[in-house]
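Here is the structure we will look at.
Number of protein chains: 2
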Amino acid sequence: MKKKTTIYDIAKELNITAATVSRALNNNPRISEETKKLVLAMAAKLNYKQNKLALALKSGKSNNVGVVVPFINRNFFSSVIRGIEEELNPKGYNVIISQTHEDEKKEIDIVQNLLNSQVESILISVSRNTRTNEHFKQVLRKNIPLIFFDRKLELGGVSSVTLDDFQGAYQATEHLIEQGCKHIAHMTIDLALLIYQNRLAGYKQALEDHGMEFNPDYVVGLKSEIVAGKDAAKKLMDLPKPPDAIFSANDLGALGAIQYLKEIGKKIPEDCCIVGFSNEPFTQFMEPPISSVDQSPLPMGKTAAKVFLEQINSKGVKIEKSVVLDPTLEIRKSSLKNGK
Amino acid sequence: MKKKTTIYDIAKELNITAATVSRALNNNPRISEETKKLVLAMAAKLNYKQNKLALALKSGKSNNVGVVVPFINRNFFSSVIRGIEEELNPKGYNVIISQTHEDEKKEIDIVQNLLNSQVESILISVSRNTRTNEHFKQVLRKNIPLIFFDRKLELGGVSSVTLDDFQGAYQATEHLIEQGCKHIAHMTIDLALLIYQNRLAGYKQALEDHGMEFNPDYVVGLKSEIVAGKDAAKKLMDLPKPPDAIFSANDLGALGAIQYLKEIGKKIPEDCCIVGFSNEPFTQFMEPPISSVDQSPLPMGKTAAKVFLEQINSKGVKIEKSVVLDPTLEIRKSSLKNGK
DNA sequence: TTGTACGCGTTATCAG
DNA sequence: CTGATAACGCGTACAA
Numbered sequence: 001m002k003k004k005t006t007i008y009d010i011a012k013e014l015n016i017t018a019a020t021v022s023r024a025l026n027n028n029p030r031i032s033e034e035t036k037k038l039v040l041a042m043a044a045k046l047n048y049k050q051n052k053l054a055l056a057l058k059s060g061k062s063n064n065v066g067v068v069v070p071f072i073n074r075n076f077f078s079s080v081i082r083g084i085e086e087e088l089n090p091k092g093y094n095v096i097i098s099q100t101h102e103d104e105k106k107e108i109d110i111v112q113n114l115l116n117s118q119v120e121s122i123l124i125s126v127s128r129n130t131r132t133n134e135h136f137k138q139v140l141r142k143n144i145p146l147i148f149f150d151r152k153l154e155l156g157g158v159s160s161v162t163l164d165d166f167q168g169a170y171q172a173t174e175h176l177i178e179q180g181c182k183h184i185a186h187m188t189i190d191l192a193l194l195i196y197q198n199r200l201a202g203y204k205q206a207l208e209d210h211g212m213e214f215n216p217d218y219v220v221g222l223k224s225e226i227v228a229g230k231d232a233a234k235k236l237m238d239l240p241k242p243p244d245a246i247f248s249a250n251d252l253g254a255l256g257a258i259q260y261l262k263e264i265g266k267k268i269p270e271d272c273c274i275v276g277f278s279n280e281p282f283t284q285f286m287e288p289p290i291s292s293v294d295q296s297p298l299p300m301g302k303t304a305a306k307v308f309l310e311q312i313n314s315k316g317v318k319i320e321k322s323v324v325l326d327p328t329l330e331i332r333k334s335s336l337k338n339g340k
Numbered sequence: 001m002k003k004k005t006t007i008y009d010i011a012k013e014l015n016i017t018a019a020t021v022s023r024a025l026n027n028n029p030r031i032s033e034e035t036k037k038l039v040l041a042m043a044a045k046l047n048y049k050q051n052k053l054a055l056a057l058k059s060g061k062s063n064n065v066g067v068v069v070p071f072i073n074r075n076f077f078s079s080v081i082r083g084i085e086e087e088l089n090p091k092g093y094n095v096i097i098s099q100t101h102e103d104e105k106k107e108i109d110i111v112q113n114l115l116n117s118q119v120e121s122i123l124i125s126v127s128r129n130t131r132t133n134e135h136f137k138q139v140l141r142k143n144i145p146l147i148f149f150d151r152k153l154e155l156g157g158v159s160s161v162t163l164d165d166f167q168g169a170y171q172a173t174e175h176l177i178e179q180g181c182k183h184i185a186h187m188t189i190d191l192a193l194l195i196y197q198n199r200l201a202g203y204k205q206a207l208e209d210h211g212m213e214f215n216p217d218y219v220v221g222l223k224s225e226i227v228a229g230k231d232a233a234k235k236l237m238d239l240p241k242p243p244d245a246i247f248s249a250n251d252l253g254a255l256g257a258i259q260y261l262k263e264i265g266k267k268i269p270e271d272c273c274i275v276g277f278s279n280e281p282f283t284q285f286m287e288p289p290i291s292s293v294d295q296s297p298l299p300m301g302k303t304a305a306k307v308f309l310e311q312i313n314s315k316g317v318k319i320e321k322s323v324v325l326d327p328t329l330e331i332r333k334s335s336l337k338n339g340k
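Residue numbers (the UniProt record's numbering), protein chains in the order written: chain A, 1 to 340; chain B, 1 to 340.
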């Protein structure tokens, strides 16, 4: 009961050799139907299960891929992982997940460990605090595909799947302009990060393209919290000419803004339109439901997985692919001025 | 560059044998400091990485565990997984995740595949539609620890970590009673499932223990959607004697109820107190913030991982442990009648 | 202190 | 069509 049955066990039972058993199990054409039957029957009887470890060692293919994210229980990341798993599991791959907790040291450890575990690829959303890339270079040196998703580092030879933040911000801002808003503010998070720079740039570009003036006073920073959103909103509303629309670089900021505006008796969207970013699940439940830029995490995961599959199938040829996904603006009540 | 370096490579380089290298790397006491130094240096130089596959095959320990959930991008499940990963990763285990999509056939396939992959344990939240248990028995037959979390099946030899739904419902109901509510309704989901039966039972028990009458009219069913919550709330409010409190078995129901009550001009919590179940992230963002029973997913994950570790460390001795976690009621404004 | 030889479970190669 | 053997990379008795 305890010992796992191997092909030797079933070979012995049938008075044939393990090689034959292996061939029968793998449907090798040059094997008699007769023995194939026998082997299959005996395998079933002994409850034989192929040991993938041995296969992996022999073939050099572990059929495991490593997925690394800062935290797995964030809606965005868990959705990306879902996409990856759904794409890769049917192809016979196992998905190993690890969390960096936004810690560079941990990230390095994880990557080393995954390499030790002989994963066939590493798909990673780089930690916010990662400053070096030696660990990534090591992955490349081993010739195993490395794929960045959402958060990337500049590094030759690495494929990536990211979101067009600029485009998302542009769409959001343009939408607000189309609603007739004349003074559009922007709440940003951390301008040290590329994604927020891009969102700011998209916002600016949309203003410019529609002949609207960019006003630095309309750009306020916030931390990733509701209270921060409230504070930022207060700052904006205390301006001599308060804005009539706010595009926040995250959803919590948008929520905080809405709460503050309600507190001071403003109506949304009549007095001020709001658009957030990320399309977190809660946005659709709010009153009013909050418009937000969707980051399409599921497609991002599936795409990342597909890029890996391409890479693995193009033996020898090194490919470096950069996929940039288009975000889609989910328009809801918080930014819909004119009815419908 | 392409070939991975093995202990043989570094042995050859140093004119010693692979065995010695292996020992040096593993800090075997009976090895000269001299050669140890040399080996370590050469290992670093050649960028040697231990091949865990070979080790796993040799030792019979893969250092992988499989975690199976219906969908990974549900807040509850991803949080449980986070707990598992955080507990197991430091111990050197890799966490392989798979999703059943609530499909029994898929679940069976996944379990088989994990067995093939030689995982050391399977931690699973059973699919809602699973009716058989042959695949689980197989796991037990192979003598690998099987641990159910959140959703369990009755099966000897399997450990489990679940939530005390009865207790959670009891607490919620008792809290409403303490707020002075006299007519407490209950929204339930699917009474075919044990967890909802238990929540209903906890609700009833709390009423009874406080000398309050159970009124079947106050129990309404709902699907897991907001609109369902609205419909159910309407049904309740149309009763001759509408309730002054609602305890919903999920958060979406609570949210729908709040939205409907607001629509018809009721004030929350003054006219009607609301408590939900699950403590989904959005509950805290709502207006008013919704009280809810927290299912402590993180502790559940950590506990499940610990149970596995115990099991693996108690060689030979079969243990079957059932941990039932106490839920904690998160009290928020939606159920706080008397100030504070 | 170090070397020799073997086995973990598979498959691929080469004979037969 | 099938058997024997080597090899994947590692750790470990046993021997020296």
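Even glycine gets a Cβ: it sits at the ideal position worked out from N, Cα and C. These numbers were taken from a predicted model, which means no experiment stands behind them.
field: When B:N27, B:K4 and B:M42 are compared against B:I16, the one with the closest alpha-carbon
entry: B:M42
query: So with Cβ pairs under 7 Å, would you call B:K52 a contact of chain A?
result: yes
message: Looking at the secondary structure, which residues open and close the alpha helix (DSSP H) in which A:S59 lies?
response: K52 to S59
message: So A:V275 and A:S335 are supposed to be a Cβ contact under 8 Å. How far apart are they, rounded?
response: 5 Å
query: Does DSSP put A:E225 in a helix, a strand or coil?
result: coil
message: Do B:G221 and B:T188 count as a contact pair if the criterion is CB distance below 7 Å?
response: yes
- request: Please classify A:M212: does DSSP put it in a helix, a strand, or coil?
  value: coil
message: Going by beta-carbon coordinates alone, are B:T303 and B:V161 separated by less than 7 Å?
response: yes
- prompt: Is A:S334 helix, strand or coil by DSSP?
  reply: helix
message: I'd like to know if A:V95 contacts chain B, where contact means its C-beta is closer than 7 Å to some C-beta of that chain.
response: yes
task: Compare the Cα-Cα distances from A:V65 to each of A:N279, A:P327 and A:A56 and report the closest residue.
output: A:A56
- request: Using the Cα positions of A:E33 and B:A305, report the straight-line distance between them to the nearest angstrom.
  value: 46 Å
- prompt: Between B:I108 and the rest of its own chain, which residues show a CB-CB distance below 7 Å, the 5 nearest in sequence each way excluded?
  reply: H135
Any chain A beta carbon closer than 7 Å to B:R82: yes
- prompt: How big is the Cα-Cα spacing for residue 341 of chain B and A:E330?
  reply: Given a span of 1 to 340 for chain B in the structure shown, any question on residue 341 of chain B remains unanswerable.
- prompt: Nearest to B:E85 by alpha carbon, out of A:F76, A:V67 and A:V80?
  reply: A:V67
Where A:G180 falls: helix, strand or coil (DSSP): coil
- request: Give me whichever residues DSSP pairs with A:T162 in a beta bridge.
  value: A:V324
message: Looking at A:A24: is its Cβ nearer than 7 Å to the Cβ of A:K36?
response: yes
message: Taking only three categories from DSSP, how would you classify B:S248?
response: strand
- prompt: Quick one: Cα of B:N51 to Cα of A:I110, how far?
  reply: 15 Å
- prompt: What first and last residue would you give for the beta strand (DSSP E) that runs through A:S98?
  reply: N94 to Q99
query: Using the beta-carbon count (16 or more within 10 Å), is B:Y8 buried or exposed?
result: exposed
query: Closer than 7 Å, CB to CB, is A:T247 near chain B or not?
result: Strictly speaking, residue 247 of chain A in this sequence is Phe, with Thr absent from that position. Taking Cβ atoms only, chain B never reaches closer than 7 Å to A:F247, which makes this a no.
query: What runs of the alpha helix (DSSP H), each 4 residues or longer, lie entirely inside the UniProt domain "HTH lacI-type" (5-59) of chain B?
result: 7-14, 18-25, 33-45 and 52-59
Spatial distance of B:V317 from B:P145 (CA atoms): 12 Å
C-beta neighbour in chain A for B:Q295, strict 7 Å: no
message: Does B:V69 pass the burial test, meaning 16 or more other C-beta atoms within 10 Å, or should it be called exposed?
response: buried
message: Using DSSP's beta-bridge definition, name the partner residues of B:S291.
response: B:V275
message: Using 8 Å for Cβ pairs, my map puts A:I290 next to A:I258. What's the rounded Cβ distance?
response: 7 Å
query: Using the C-alpha atoms, what's the distance from A:K49 back to A:M1?
result: Model confidence at A:M1 stands at a pLDDT of 43, short of 50, so the residue's coordinates are unreliable; what they give is reported in the following sentence. When rounded, the distance between both Cα atoms is 14 Å.
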